[in-house]
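Report on the following structure.
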Amino acid sequence: MSEFLVIVESPAKAKTIERYLGSKYKVRASMGHVRDLPRSQMGVDVENNFSLKYITIRGKGPVLKELKAAAKKAKKVFLASDPDREGEAIARHLAHSLEVDIKSDCRVVFNEITKEAVLESFNRPRPINMDTVEAQQARRVLDRLVGYNISPLLWKKVKKGLSAGRVQSVAVRLIIDRENEIKAFIPEEYWTIEGEFLKHKESFSASFHSLVNESRTELNSDQDVQAVLTQMRDHKFKVISVAKKVRKRNPSPPFITSTLQQEAARKLNFRAKKTMMLAQHLYEGIELDKEGTVGLITYMRTDSIRISDTAQAETSAYIETNFGKEYLREGAQPREKQAANAQDAHEAIRPTSIARDPDSIKGHLTRDQFRLYKLIWERFMASQMAQALMDTMSVDLQNGSVIFRATGSKIKFPGFMKIYAESTDDQNDEKENNLPALKEGDELFKKTIEPKQHFTQPPPRYTEARLVRTLEELGIGRPSTYAPTLDTIQKRGYVSIDNKRFLPTELGEIVHEVMVEYFPEIVNVKFTARMEKGLDNIEEGRETWLDLIDSFYKDFEKYLRAAEEQMKEIEIKDEPAGEDCEKCGSAMVFKMGRYGKFIACNNFPECRNTKAIIKEIGVTCPTCNEDKIVERKSKKNRIFYGCRSFPACKFISWDKPLPRNCPKCKRLLVEKKLKKGVQVQCLECDYEENHQD
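Take the sequence shown: its position 613, counted from the start at 1, is 616 in the working numbering, and no numbers get skipped.
Next up, the structure:
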């Protein structure tokens with residue numbers, strides 16, 4: 004008989020941890036929470052000091068029965084749920100159900116599922132941290148009070164199936180506010196003058212900078228441009244200054260949850276939900292032949308960039324062996340300052356062993372698991388490496404009273420860039436730009452001078468990466484909330500995604516207007532951030548959960564009563580689709596679903612006929628040469644192109660076909676999306692056109 008019972012959250016961990024601990028330990032999984040507030044009712048008695056009604060979650064009875072039987076046979080029970088607020092709450096509810104003393108040393112936490120980390124955690128068990136439990140409980144109650152009071156109002160006054168939540172309402176507000184900024188934006192004209200210059204046979208580019216005795220000359224119109232051009236005397240330019248510097252570039256710190264989601268979106272095109280699912284697999288363990296099942300990364304829900312001394316030492320040794328001593332980073336701590344609102348509960352996201360380089364375990368991972376693991380491994384490795392050194396040169400060229408400036412850079416020492424360079428939302432990744440050897444007094448000749456008209460651009464719509472970063476910067480939500488929040492606002496139909504960017508829907512704008520009018524604090528960014536700070540204070544023992552809930556509910560109750568009395572019903576009429584149902588003859592209308600708009604019969608539920616919205620792109624199908632190509636969406640909401648006659652005609656393409664043929668073979672041309680702009684290519688031959696921004 005086993006002497007000790009260990010309870011974890013998922014079966015994937017249980018087998019691995021049991022193997023690490025040996026025969027005296029039996030490891031079982033609770034499958035997440037076993038107790039929660041009831042789904043069918045509020046579960047929070049606001050009239051009785053916010054007393055809570057916890058029940059066994061439906062379907063968890065057999066799991067609890069098995070755990071209770073195992074607990075009775077064990078000498079001691081250890082609760083090893085995840086090392087965060089949610090995990091602490093799970094441990095607390097398990098302790099209640101299994102009659103484990105929460106003040107006893109029953110709680111073990113580990114940041115990675117490796118033998119060393121697991122064994123070490125059992126050498127230092129601790130009591131359940133009730134401050135952490137109450138912080139989770141306060142969040143749960145806040146969300147319950149908001150959701151279970153406002154959602155029924157929205158069902159009654161607006162539309163069934165809607166919901167409201169603290170974090171999701173703010174996320175929708177950010178998206179709508181950005182859309183309003185874009186609509187209100189007035190473009191402003193500006194000009195640049197680009198030149199190409201020659202030194203002997205070497206050419207390079209430079210841009211107009213200023214007139215003599217001016218720090219910077221703005222060009223706001225064609226008249227400004229002509230005024231500059233008339234001050235140029237001839238084709239000869241003289242180098243009047245050359246400034247050379249060595250610039251240092253620091254590596255980014257290792258990933259936290261939000262930065263992992265952002266970088267996976269940029270580099271791998273992963274949605275936040277997918278990133279977290281894959282990271283969970285890597286954390287819980289992958290079968291690696293002789294090693295058995297091994298957790299490949301540390302816990303993936305974290306806002307800390309802290310790294311253990313052991314991991315730093317191992318990585319430094321690896322870098323010195325594989326790259327050389329000059330690639331070692333100076334100093335033992337991450338260079339980037341920790342976020343002010345970070346809980347710092349555990350480490351950054353990193354490989355559990357830097358020795359497991361991605362290529363050595365590639366055969367044991369799926370394609371997407373490998374790509375995410377490689378990203379995590381390279382980011383962490385780079386964070387522990389030396390700075391990159393860049394040779395930079397700035398050159399001023401003069402003709403008359405006109406000054407052009409050329410800037411260039413090249414890598415002097417790659418440092419961490421030998422492994423990894425962080426990308427950006429706007430894809431303005433730094434690139435080398437080599438200039439020829441230039442010195443003061445050199446005479447150059449202009450090859451071309453070309454004025455270009457530009458207009459200022461509105462702020463960009465939010466991508467998932469940009470929205471996660473903004474929520475984090477504003478102190479809204481926590482590592483575990485970003486992915487489900489983004490998923491929820493899409494499922495509810497409050498936002499849609501176009502070209503990887505969020506757009507508010509009509510429904511989202513209607514719900515937002517109602518929330519702003521009747522529940523202004525819920526959609527107030529600063530108020531929501533203060534609530535998050537209050538939850539941190541509870542976890543740190545500086546505030547009680549009842550005080551936080553009571554102070555929130557006093558004002559919220561006033562807003563709720565006013566909304567119940569004053570809110571009028573809002574009728575959302577379905578937009579006619581301009582065609583009749585082929586099944587019953589009723590009018591077809593546009594509906595909003597989980598994956599965007601679709602066409603449905605207005606006679607629902609008597610008639611359930613639905614159709615996808617067909618968008619022609621003006622191109623005849625190259626396979627059947629009869630019907631038109633239309634834009635479609637896959638089950639995962641990805642746009643592709645196919646023949647309208649599908650399935651009779653099987654033509655499909657992920658790349659957008661163009662209404663002109665290849666000049667070489669006369670077959671179909673398509674627009675292939677790249678990181679920047681598009682590339683026009685032929686589907687049949689090797690013809691392609693220059694990269695277009």
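Glycine included, C-beta positions come from ideal geometry on N, C-alpha and C.
Please read all numbers here as calculations on a predicted model, not as lab measurements.
A distance below 9 Å separates the beta carbons of P482 and I259. Counting only runs that start and end inside the segment 482-536, the beta strand (DSSP E) elements of at least 3 residues fall at 498-501, 504-507.
For L157, the enclosing alpha helix (DSSP H) begins and ends at 133-160. Contact between the segment 618-627 and the segment 643-652 is present: 3 or more CB-CB pairs across the two stretches fall below 8 Å. DSSP, reduced to helix, strand and coil, places P128 outside both helices and strands of the structure shown, so it counts as coil. G35 is positioned such that its CB atom lies closer than 9 Å to that of E12. Rounded to whole angstroms, the gap between the alpha carbons of I153 and A167 is 6 Å. For V112, the three-state secondary structure derived from DSSP is coil.
Taken in chain order, the segment 559-585 contains no complete alpha helix (DSSP H) segment of 4 residues or longer. Where K186 is concerned, the enclosing alpha helix (DSSP H) starts and stops at 169-187.
Rounded to the nearest whole angstrom, the CA to CA distance from K202 to V170 is 58 Å.
DSSP assignment within the segment 65-105 yields the following whole alpha helix (DSSP H) runs of 4 residues or more, N-terminal first: 88-101. In the three-state reduction of the DSSP assignment, A15 falls in the helix class, which pools H, G and I. When DSSP states are grouped into helix, strand and coil, R31 belongs to the strand group. T484 and M279 have their alpha carbons spaced roughly 11 Å apart. L271 and R181 do not touch by the CB rule: their CB atoms are close to 24 Å apart, not below 8 Å. Proximity to R88 across V136, F416, L470, K71 peaks at V136, based on C-alpha coordinates. Shown here, E687 sits in coil according to DSSP, grouped into three states, outside any helix or strand.
In this structure the segment 251-270 lies against the segment 379-398, because at least three pairs of beta carbons, one per stretch, are closer than 8 Å. Between the segment 77-91 and the segment 48-55, the count of Cβ pairs shorter than 8 Å is below three; the stretches do not touch. Counting along the chain, the unbroken beta strand (DSSP E) around F407 starts and ends at 405-416. In the DSSP annotation of this structure, the continuous segment of the alpha helix (DSSP H) that includes D225 starts and ends at 225-232.
If you look at Y321, you'll find it in the alpha helix (DSSP H) that goes 312-325.
Using a Cβ-Cβ distance cut-off of 8 Å, the segment 187-194 and the segment 454-468 are in contact, since at least three pairs of beta carbons, one from each stretch, lie closer than that value.
Within a 10 Å sphere around the beta-carbon of C604 sit 16 or more other beta-carbons, which makes this residue buried. Contact between the segment 392-407 and the segment 240-247 is present: three or more C-beta pairs spanning the two stretches fall below 8 Å. Around the C-beta of I185, fewer than 16 other C-beta atoms lie within 10 Å, and the residue is accordingly described as exposed. Out of L686, K667, K653, F559, the CA that lies nearest to the CA of K659 is found in L686. Per DSSP, the beta-bridge partners of I452 are G198. Contact between the segment 97-113 and the segment 144-158 is absent: fewer than three C-beta pairs spanning the two stretches fall below 8 Å. The continuous alpha helix (DSSP H) containing D371 extends over residues 370-386. Under DSSP, R635 forms a beta bridge with F643. Assignment of D362 by DSSP, reduced to helix, strand and coil, places it in the helix class. Pairing F505 with Y562 gives a Cβ-Cβ distance that is not under 9 Å. Assignment of L285 by DSSP, reduced to helix, strand and coil, places it in the helix class. Burial is judged here by how many other beta carbons sit within 10 angstroms of a residue's own beta carbon; V249 has fewer than 16 and is exposed.
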